[in-house]
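Our numbering applies: residue 4 is where the sequence shown begins, and numbers increase by one. Backbone N, C-alpha and C define an ideal beta-carbon position, used for all residues, glycine too. Written below as structure tokens is the structure these notes are about.
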Amino acid sequence: MCRKGARIPIIAQLSAMFGFVLVLFLALLGYVLYHFDSVGNMAGSLIQHTSARALLLKDAHTDFTRALLSMRGFLFYPDGAAVYEQSYREEIQKSLEIVRDYNATSTMADTKAAGDKLEKLISDYVILGDQVIAAKKANDPNLSQYTGQGRQLVANIDEQFLQINKLQGAYLSGKSESLIDHSKARVRLAALLSIGIFALVIVLVYLYSRNVSKRFGNLSRELAEVGKLDLTGRDVFPTRNDEIGDMGTVIIEMRRALKTFVQQIQTTGQMLASSGEELNATVDEHLKAVQTVAGSIETIAAGVGQNADNIGSISAALQQASAGAQQISATAGAVNSQTYDAVHEADTGMNLLGAVVGQNEQIAAAMQEITNVTSLLASGSEDIKGIVGVINDIAGQTNLLALNAAIEAARAGEAGRGFAVVAEEVRKLAEQSAGATQDIAEIIGRMGGEIASAVTTVDKANTEVDKGKLAAADTQKGFELIIATLGTVKNGIEQIAVAIEETAKGTQSMVASVQNISAIAEETSGNASTVAATVEEQSASMHEISSNAESLAKLATELNSIVRQFKI
4 MCRKGARIPI IAQLSAMFGF VLVLFLALLG YVLYHFDSVG NMAGSLIQHT SARALLLKDA
64 HTDFTRALLS MRGFLFYPDG AAVYEQSYRE EIQKSLEIVR DYNATSTMAD TKAAGDKLEK
124 LISDYVILGD QVIAAKKAND PNLSQYTGQG RQLVANIDEQ FLQINKLQGA YLSGKSESLI
184 DHSKARVRLA ALLSIGIFAL VIVLVYLYSR NVSKRFGNLS RELAEVGKLD LTGRDVFPTR
244 NDEIGDMGTV IIEMRRALKT FVQQIQTTGQ MLASSGEELN ATVDEHLKAV QTVAGSIETI
304 AAGVGQNADN IGSISAALQQ ASAGAQQISA TAGAVNSQTY DAVHEADTGM NLLGAVVGQN
364 EQIAAAMQEI TNVTSLLASG SEDIKGIVGV INDIAGQTNL LALNAAIEAA RAGEAGRGFA
424 VVAEEVRKLA EQSAGATQDI AEIIGRMGGE IASAVTTVDK ANTEVDKGKL AAADTQKGFE
484 LIIATLGTVK NGIEQIAVAI EETAKGTQSM VASVQNISAI AEETSGNAST VAATVEEQSA
544 SMHEISSNAE SLAKLATELN SIVRQFKI
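Here it is as structure tokens:
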């Protein structure tokens with residue numbers, strides 16, 4: 004399959020063509036924009052320089068006229084002579100400076116010469132104006148002569164302003180006409196280029212459309228030939244790698260596939276015709292074989308009936324054995340469950356006994372602490388008794404000292420009365436201390452008896468706790484032996500239960516197998532009858548197949564006649 008060049012899709016071809024046209028139009032647009040920009044620059048230059056200079060010259064003429072008015076005011080209005088003089092000098096100076104700026108920016112020879120002349124005339128008028136002002140101030144008789152010269156000079160200056168304005172107008176008119184002619188020429192060129200580009204676009208579109216139409220015409224002719232069942236056309240591969248070329252390739256491949264398909268149908272039709280004859284002969288042989296099979300199946304059915312009776316007896320015996328094994332397995336499971344419960348209860352008792360042993364240990368430790376505390380209390384009570392004795396002795400001595408102090412106070416008379424009161428209070432306090440000490444001694448005595456009784460009781464409790472610890476330890480060892488024995492019994496029962504369960508499963512499997520065999524035997528017996536009937540049906544089907552084979556041969560002949568309509 005031949006393809007020339009790289010693949011260029013139709014969208015790429017159209018994009019390239021319209022892109023080329025777009026580039027041309029953009030180039031034309033750029034040229035037009037450049038032309039208008041150039042014209043705009045020329046017009047801007049004309050406005051900024053020529054027109055601006057014309058306005059500048061007009062301002063100079065206006066300032067000169069104002070200076071003349073100020074000069075007349077100076078001459079004819081003495082009251083404001085100073086103001087008019089100042090205004091004249093400012094206006095005439097402004098006019099002269101504007102003319103000088105105009106001359107400095109002049110580029111044309113004639114306007115340059117006219118500007119220089121105007122500058123000289125205004126300068127002469129400035130000199131003459133100074134003379135007129137001086138003559139006016141001095142009442143010089145030559146004032147009339149100066150004013151006459153001034154009028155002549157003013158006329159010359161006005162004439163010169165008019166001449167320069169004419170030169171500026173002529174220059175501006177010439178530049179404007181040149182700019183207009185230049186714009187018209189560029190517009191005509193742009194119009195010609197637009198017409199040329201438009202004509203080029205029309206030619207490109209025509210050529211491309213003609214080529215596409217021709218290629219689609221070729222595709223249409225090839226499809227028409229295929230529609231007329233004419234597959235003998237020559238394969239003309241497309242020369243362009245695009246979508247139309249793909250369509251041409253698909254048509255070529257379709258024609259080739261149709262040609263191959265028709266050839267295969269022709270070959271198959273011939274094979275069907277020959278196979279139909281062979282099928283008739285084969286069907287006759289199958290009819291004979293089917294009759295032989297029918298006789299054999301009747302003999303097999305009789306033997307299968309006897310086997311089914313024997314298998315039924317075996318199945319009943321195995322079912323009884325399976326029921327016994329299942330009952331034994333259930334009993335072993337119950338014993339195993341009871342043994343497991345006994346082991347669990349023994350474990351629970353063992354745990355509780357361990358808790359009792361731990362509590363006994365805690366009780367023994369607590370009793371020991373109580374013993375220590377009671378011993379300390381007994382010792383402390385003895386110490387308190389000694390302290391109480393000391394306090395009692397101190398109270399007695401204090402009482403004696405208070406008595407002596409009272410005696411000494413009585414001897415002192417009035418001066419010792421206050422001391423006697425204090426001695427009396429001390430004596431009372433000593434008596435109270437002695438009484439309190441006696442009460443404490445009695446309480447300590449009672450506490451000592453109670454502490455002694457508590458010590459005796461705690462000693463007895465310690466003895467009983469030691470006996471309880473020994474009994475709990477012996478009980479714990481007995482529980483450990485019981486748990487070990489029950490564990491051994493449990494393992495043995497579990498092994499027995501597993502063996503019985505496997506036996507029950509094996510028996511059930513045997514029962515199921517025997518039942519399957521019995522069912523198969525019964526099914527075989529039934530199927531033998533079915534097969535016999537099927538053989539008869541097959542015999543009838545063979546006759547029908549023979550008839551269909553003849554019809555198939557006729558269809559193959561008709562198919563060959565249809566296929567011959569294709570030209571390959």
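Would a C-beta distance cut-off of 7 Å place residue i and residue j closer than the cut-off?
i	j	result
Ile-125	Asp-62	no
Leu-121	Gln-163	yes
Ile-11	Asp-249	no
Asp-66	Lys-97	yes
Ile-200	Leu-27	yes
Leu-192	Leu-31	no
Ser-109	Tyr-91	no
Leu-170	Asp-113	yes
Ile-247	Arg-213	no
Just checking my contact of residue i with residue j at CB under 8 Å: how many whole Å lie between their CB atoms?
i	j	result
Gln-266	Ile-571	6 Å
Leu-60	Asn-168	7 Å
Met-20	Leu-207	6 Å
Lys-123	Phe-77	Wrong, their Cβ atoms sit about 24 Å apart, outside the cutoff.
Arg-69	Glu-88	Not a contact, Cβ separation roughly 14 Å.
Arg-189	His-38	4 Å
Per DSSP, residue i is paired with what?
i	result
Asp-462	Paired residue(s): none; Asp-462 is not in a bridge.
What does a CB cutoff of less than 8 Å around residue i pick up in its chain, not counting 5 residues either side in sequence?
i	result
Val-157	Leu-71 and Tyr-128
Gly-172	Ala-57
Ile-254	Leu-222, Glu-225, Leu-226 and Val-229
Asp-119	Asn-106
Ala-437	Asn-395, Ala-398, Gly-399 and Asn-402
Leu-131	Tyr-149, Gln-152, Gly-153 and Leu-156
Asp-40	none
Ile-160	Phe-67, Leu-121, Leu-124, Ile-125 and Tyr-128
Among residues of its own chain, excluding the 5 on either side of residue i, which ones have a beta-carbon nearer than 6 Å to its beta-carbon?
i	result
Lys-262	Leu-234 and Ile-571
Gln-568	Leu-232
Ala-84	Phe-77
Ile-13	Asp-245 and Glu-246
Ser-147	none
To which residues of the same chain is residue i closer than 7 Å at the C-beta, ignoring the five residues directly before and after it?
i	result
Gln-166	Ala-117
Asp-111	Sequence inspection shows Met at residue 111; the Asp mentioned does not correspond to that position. Excluding sequence neighbours, Met-111 sits near Tyr-174.
Tyr-211	Met-20
Glu-526	none
What's the C-alpha gap between residue i and residue j?
i	j	result
Phe-264	Ala-9	33 Å
Glu-256	Leu-17	27 Å
Asp-396	Thr-466	44 Å
Thr-491	Ser-340	14 Å
Gln-498	Lys-508	15 Å
Glu-445	Ser-378	20 Å
Tyr-34	Lys-178	22 Å
His-185	Ala-55	23 Å
Glu-180	Lys-187	10 Å
Met-274	Ala-522	47 Å
Gly-392	Arg-449	16 Å
Ile-565	Tyr-209	46 Å
Ser-550	Thr-270	23 Å
Asn-407	Ser-456	46 Å
Leu-99	Ala-194	51 Å
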